[in-house]
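Structure first, commentary second.
Chains as they are written, first to last, in our numbering: chain B, 66 to 349; chain U, 66 to 349; chain G, 66 to 349; chain A, 66 to 349.
Next comes the structure, spelled out in C-alpha cells:
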C-alpha cells in the first residue's frame with residue numbers, strides 16, 4: 066500500500082481534524098499518523114497526516130479534486146499531498162570543505178536518504194574527485210563578484226533541466242542571490258557554522274573564540290534573502306573550553322555541521338517541515 | 066472553557082481517529098491537540114486527545130456515557146477522561162537525601178506543579194525541618210526488616226485517608242513491596258541514580274566509577290515488583306572523567322536526579338504517560 | 066594536612082613550571098594537582114597548583130615571602146595563594162524569582178557549598194519567607210531610577226561590613242553600576258537566561274521564541290560594565306521546538322538557569338576560574 | 066621545533082612533578098603542557114607531558130638514556146617518549162556497515178588524522194569499492210567458525226609485515242581472539258553500539274527497544290578478552306522515544322557510532338589515553 070503525506074495550514078477553526086480524518090476514512094484511507102500544531106497567537110492551524118491508500122491513480126486524482134473542492138476551499142487551506150512514488154531530486158552546492166559532502170554521499174550510497182542527486186555544483190575544483198568516486202556529475206561553475214549573475218544563470222539552467230526539487234548548500238561559502246531563492250523558496254537548505262542567532266556572518270568560530278563561549282553550535286536553516294536569518298530547521302552544540310584554539314573549534318565544528326545538515330535534509334525529505342513567519346514547524 | 070484529556074488504547078483498527086474526533090466535534094468539543102502512536106508489532110493503538118468543552122456536569126456525564134456505549138465498546142478500548150478541575154494528590158516518600166525534596170517543593174511552592182501534596186513520609190527524621198518550612202505534614206514511619214509489613218500498613222492507611230493519587234519516591238532508599246505497588250499500579254514514580262539498565266540495584270555510582278564510564282545518568286520509572294525494571298519515564302546524563310571520584314559522581318548525579326525526577330512528575334501530572342509492555346509512551 | 070591553591074599568570078617563559086614545582090617541593094609541599102594553560106597568541110602563561118602543606122602559619126608566611134621575592138618577581142607574575150581555612154563569604158542578590166535561590170540554599174544547607182552566606186539582598190519582599198526558612202538575614206533595599214545611587218551605597222555598606230568576598234546575582238533583574246563592579250571586579254557572578262552572545266538584554270526567551278531557535282540556553286558570567294558582555298564562566302542548553310510557548314521556554318529555562326549558576330558558583334569557590342581578555346580559563 | 070610527548074605512571078610519591086619538569090628544563094626542553102592524575106585509592110601517579118625540544122637525534126637519545134637511568138629507575142616508572150616524526154600505522158577491520166569507514170576515510174583524506182592506513186581487512190567484499198575509491202589496499206579474509214585461527218594468522222602476518230601500530234574495528238562484527246589481543250594490548254579500538262555496560266553483546270538496539278530506554282548510546286573501548294568489557298575511551302548518547310522503531314534506533318545509532326569511534330581514534334593518536342585497572346585516563 067502506498068503511503069501519502071498530506072500537509073495543511075489554515076486559520077484555526079473548529080472541526081478541521083474531524084472533517085479531514087473523516088474525509089480520508091471515507092475513502093478507505095488508513096491514517097497512520099497525525100501531527101498538528103496550533104499557533105494560538107497567530108491563530109493558525111497546521112497538520113501533517115500520513116495515510117495508507119490502496120488505489121489507482123484515477124482514484125487518487127478523484128480524492129485530490131474532492132479534497133480541493135469540498136474541504137480545502139471550505140477551510141481556506143494551503144495544502145499539499147505528495148506523490149509517494151516520486152523520489153525528490155536534490156542538487157548539492159559545495160566549495161572546498163569536504164566533510165559535509167562525504168557525510169551526505171556516504172548516507173546516499175548506503176540508501177539512508179530517499180533522494181536522487183543528479184549533480185554537484187562547485188565554484189572550485191577541489192571536490193571533483195569525491196564526486197567522481199561516487200559517480201555523480203560535477204559542474205565547476207566559478208563565481209566571482211563580476212560574473213555572479215551569469216554564474217547563477219548557468220546554475221539555474223542546470224537546476225531547471227534536471228527538475229531539481231531542492232538545493233543543499235553543503236558549506237558552499239557563497240551568498241545565493243534572490244534569483245535562485247525566489248525560484249526555490251523554502252527549498253534551499255544551508256548549514257551555518259554557529260549557534261544562530263549568535264555569530265551570524267563570516268568567521269563564526271573566530272568570533273566564538275574571541276567571545277570565550279563554553280559551547281559552540283551549528284544551525285541548518287532555509288535560505289532567505291536575509292543572510293543567516295532564515296527559518297531554523299535544526300541546531301546542535303558541543304562543549305568547548307579555553308584549551309581549544311580556533312583550529313580546534315573548526316575541527317570540532319565540522320562534526321556538528323555534517324550531522325546537523327544531514328538531519329535537516331532528512332526532515333525535509335520526510336516532509337516534516339512547515340515554514341511560516343520565518344520559523345519552522347518540525348513534525349515528529 | 067475547561068480542558069479535558071482523553072486517553073485511549075485499543076487494538077489498531079481503521080477509523081479510530083476519524084470516529085473519535087467526529088464524536089468530540091459533534092458535542093461541540095474543540096480539539097486542541099492529538100497525539101497518537103501505533104505499536105505496529107503488537108498492533109496496538111494509543112491516543113491522547115486534549116479538547117476544550119464548555120458544558121455543565123450533566124452534559125459531561127452524557128458525553129462520557131455516550132462514548133462508553135457507542136465508541137469504547139465498539140473498538141474495545143481502554144479509556145479515561147480526566148476531570149479538569151480536580152488537582153491530583155501526590156505523596157512524597159523520602160529518606161535522608163534532600164536535593165530531590167527541595168527541588169520538588171521549590172517548584173510546588175512557586176506554582177510550577179499543578180498538584181496537592183498532603184504529606185511527606187520518611188523512615189528518618191532528618192528532612193522534617195524542610196517539610197516544616199514548607200508547611201507540609203511529615204510522618205516519620207520507621208521501616209526495619211522486622212516491621213516492614215506493619216509500616217506499609219501505616220503508610221497505606223495514610224495514603225487511603227488522604228485519597229492519594231500517586232506516590233513519588235524522592236530517593237526513598239527502601240524497596241516498596243507488592244502491597245503498595247498493587248494498589249498504585251503505574252502510580253509510583255521512582256528515581257534511580259543510574260542510566261538504567263546499566264547499574265541497577267544498590268550503589269550505582271560506585272559501580273560506574275569501577276567500570277570507568279565516561280557518562281553517568283539518572284532514570285525515573287514507574288515502580289514494579291522487579292527492582293529497577295519498571296517502565297522508564299525519563300532519563301538524562303552528564304559527562305564524567307577519570308578525575309572524578311565517587312563523591313564527585315554522587316554530587317554530579319544529584320543534579321541529574323532532581324531534574325529527571327521533576328520532569329517525570331510533570332509528565333505524569335499532564336497525563337502524558339501511557340504504560341504497556343513494561344514501556345512508556347510519552348506524548349508530546 | 067592543609068590544602069593550598071596557588072594561581073599564577075605571567076608572560077610565557079621557559080622554566081616556569083620547573084621552577085615553581087621545585088620551589089614547592091623544596092618546602093616539603095606535596096603537589097596534588099597542576100593545571101596550566103598558555104595563550105600562545107597573547108603569549109601568557111596561567112597555572113593553578115594545588116599542594117598539601119603541613120606547616121604552622123609562620124612557615125606559610127615565609128613560603129609566601131620567599132615566593133614573592135625569588136619567584137614572582139623574577140617572572141613578573143600575578144599570583145595568589147589562598148588561605149585554606151577561611152570560608153569565602155557570598156552575598157546573594159535576588160528579586161522575585163525563587164528557583165535559583167532555592168537551588169543555592171538547598172545546596173548550602175546540605176553542605177555542598179563551602180561558603181558562608183551572611184545575607185540576601187532584594188529589591189522586593191517576595192522571597193523573604195524563603196530567607197527566613199533558611200535562617201539567613203534578608204535586607205529589603207528598594208531600587209528605583211531615582212534612588213539607585215543611594216541604594217547601592219546601602220548595599221556597599223552591608224557588603225563591606227560583612228567582609229563579603231563575592232556577590233551572586235541570582236536573577237536579580239537590576240543592572241549593577243560601576244560603583245559595585247569596581248569594588249568586586251571578577252567577583253560578581255550573574256546568570257543570564259540565554260545562550261550568550263545570542264539574546265543579550267531583556268526578555269531573551271521572547272526573542273528566542275520569535276527567532277524560532279531549536280535550542281535555548283543559559284549563561285553564567287562575571288559582571289562587567291558592559292551588560293551581558295562579561296567573561297563567560299559556564300553555559301548549558303536544552304532542546305525546544307515549535308510546540309513550546311514563551312511560558313514553556315521560561316519554565317524550561319529555569320532548570321538551566323539554576324544548574325548553570327550553581328556550577329559557576331562552585332567553580333568560583335574552588336578557585337578554578339581565571340579571567341583575562343574578557344574570557345575565563347576554567348581549570349579542571 | 067619538534068614536539069615530544071612523555072607519558073609516565075608509577076606509585077605516587079612526593080617530588081615527581083618537580084623532578085621531571087626540572088629534568089626537561091635542564092635539557093632546554095620547553096614544557097608546553099602537563100596533565101597529571103593521581104588515583105588516590107590505588108596510590109598511582111599518571112602524567113602526560115608535552116615538550117618542545119630542538120635537538121639532534123644524538124641528544125634525544127642521551128636525554129632518554131639519562132631519564133631512564135636517573136629518573137625512571139629512581140621512581141620505578143613505566144614511561145614512554147614518542148618519536149614526533151613517525152606517523153602511526155593503523156589497520157582498519159570492517160564488515161558490511163560503511164558509515165564508520167566513510168567517516169574515518171573522509172577525515173583521513175582531508176588530513177584530519179595524523180596517521181597512515183596501509184590497508185583495510187574485511188571478512189566480506191561489500192566495502193571493497195570504498196577502499197578502492199580512497200586508494201587503500203583491501204584484503205578480503207573470510208572468517209568462519211572453522212577457519213578462524215587460520216584467518217587470524219593471515220591477519221597477523223599482514224599486521225606484522227606492515228608494522229601496524231594499532232587496529233580499529235570499525236563495526237567489524239567479529240570477536241577478535243586472544244592471539245591478536247595479546248599482540249596488540251591496548252591497541253585495538255572497538256566501537257560498540259550501546260551505552261556500555263548496558264546492552265553488551267549482540268543486537269543492543271533490539272534490547273534497547275525492548276527495554277524502552279529514552280536514550281541510546283555508543284561506546285568506544287580497547288578490546289580485551291572479555292567481550293565489551295574493555296577500558297572505555299569515549300561514549301556519547303542521543304535521545305529516542307516510543308515513536309522510534311528498531312530501524313530508527315539503528316539509523317540514529319550510526320551517527321553516534323561514527324563520531325564516537327573517530328573521537329577515540331584521535332585521542333589514541335594524540336597519545337592522550339592511558340590504561341590501568343581496566344579503565345582509561347583521558348588527558349585533556
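Even glycine gets a Cβ: it sits at the ideal position worked out from N, Cα and C.
Note that the coordinates shown come from a computational prediction; the quantities given were computed from them, not determined experimentally.
Which residues in chain A have a C-beta closer than 9 Å to the C-beta of residue i? List them in chain order.
i: residue 250(U); result: Simply none; closest approach about 17 Å.
Going by Cα to Cα distance, which pick from the options is closest to residue i?
i: residue 174(A); options: 174(B), 162(B) and 184(B); result: 162(B)
i: residue 257(G); options: 279(G), 249(G) and 295(G); result: 295(G)
i: residue 85(A); options: 124(A), 252(A), 128(A) and 188(A); result: 128(A)
i: residue 184(G); options: 288(G), 220(G), 300(G) and 333(G); result: 220(G)
i: residue 237(G); options: 190(G), 113(G), 274(G) and 152(G); result: 190(G)
i: residue 240(A); options: 255(A), 249(A), 250(A) and 327(A); result: 255(A)
i: residue 202(U); options: 320(U), 223(U) and 89(U); result: 223(U)
i: residue 333(A); options: 155(A), 168(A) and 266(A); result: 155(A)
i: residue 90(B); options: 103(B), 325(B), 101(B) and 116(B); result: 116(B)
Looking at the C-beta of residue i, does it have a partner C-beta in chain B at a distance below 9 Å?
i: residue 164(A); result: yes
i: residue 278(G); result: yes
i: residue 174(A); result: yes
i: residue 282(G); result: yes
i: residue 184(G); result: no
i: residue 327(A); result: yes
Rounded to whole angstroms, what's the CA-CA distance from residue i to residue j? Just pull it up for me.
i: residue 95(U); j: residue 80(B); result: 7 Å
i: residue 150(U); j: residue 276(G); result: 35 Å
i: residue 192(B); j: residue 309(A); result: 35 Å
i: residue 292(G); j: residue 66(G); result: 43 Å
i: residue 181(U); j: residue 288(U); result: 21 Å
i: residue 348(B); j: residue 271(B); result: 34 Å
i: residue 207(G); j: residue 195(G); result: 18 Å
i: residue 215(A); j: residue 242(A); result: 12 Å
i: residue 139(U); j: residue 78(U); result: 11 Å
i: residue 246(B); j: residue 253(B); result: 7 Å
i: residue 130(G); j: residue 281(B); result: 43 Å
How would you list, in chain order, the residues of chain G whose beta-carbon sits under 8 Å from the beta-carbon of residue i?
i: residue 80(A); result: 90
i: residue 345(B); result: 277 and 307
Please list the partners that residue i has in chain U, where partner means a Cβ-to-Cβ separation under 7 Å.
i: residue 167(G); result: 167 and 171
i: residue 178(G); result: The premise fails here: residue 178(G) is roughly 11 Å from chain U at the closest Cβ pair, so nothing lies under 7 Å.
Please state whether DSSP places residue i in a helix, a strand or coil.
i: residue 236(A); result: coil
i: residue 336(G); result: coil
i: residue 71(A); result: strand
i: residue 154(U); result: strand
i: residue 175(B); result: coil
i: residue 211(B); result: coil
i: residue 88(U); result: helix
Just to make sure I have the definition right: I need the residues of chain U whose C-beta is within less than 8 Å of the C-beta of residue i. Which are they?
i: residue 300(B); result: The premise fails here: residue 300(B) is roughly 18 Å from chain U at the closest Cβ pair, so nothing lies under 8 Å.
With 9 Å set as the bound, which would you pick, yes or no: does the beta-carbon of residue i sit closer than that to a beta-carbon of chain A?
i: residue 149(U); result: no
i: residue 264(U); result: yes
Using a Cβ-Cβ cut-off of 9 Å, state whether residue i counts as contacting chain G.
i: residue 67(A); result: no
i: residue 349(U); result: yes
Spell out whether any CB of chain D is found under 9 Å from the CB atom of residue i.
i: residue 261(U); result: Absent here is chain D; the protein component of the structure consists of chains B, U, G and A.
Got a sec: is the Cβ-Cβ distance from residue i to anything in chain U below 9 Å?
i: residue 222(A); result: no
What in chain B is Cβ-close to residue i, meaning under 8 Å?
i: residue 324(A); result: 320 and 324
i: residue 102(G); result: 307 and 308
Listing by chain order, which chain A residues have their CB less than 7 Å from the CB of residue i?
i: residue 285(B); result: Per Cβ cutoff of 7 Å: no residues; residue 285(B) is ~14 Å from chain A at best.
i: residue 296(U); result: 277
So with CB distances below 8 Å, who are the chain A contacts of residue i?
i: residue 106(G); result: Chain A residues near residue 106(G): none, gap ~14 Å exceeds 8 Å.
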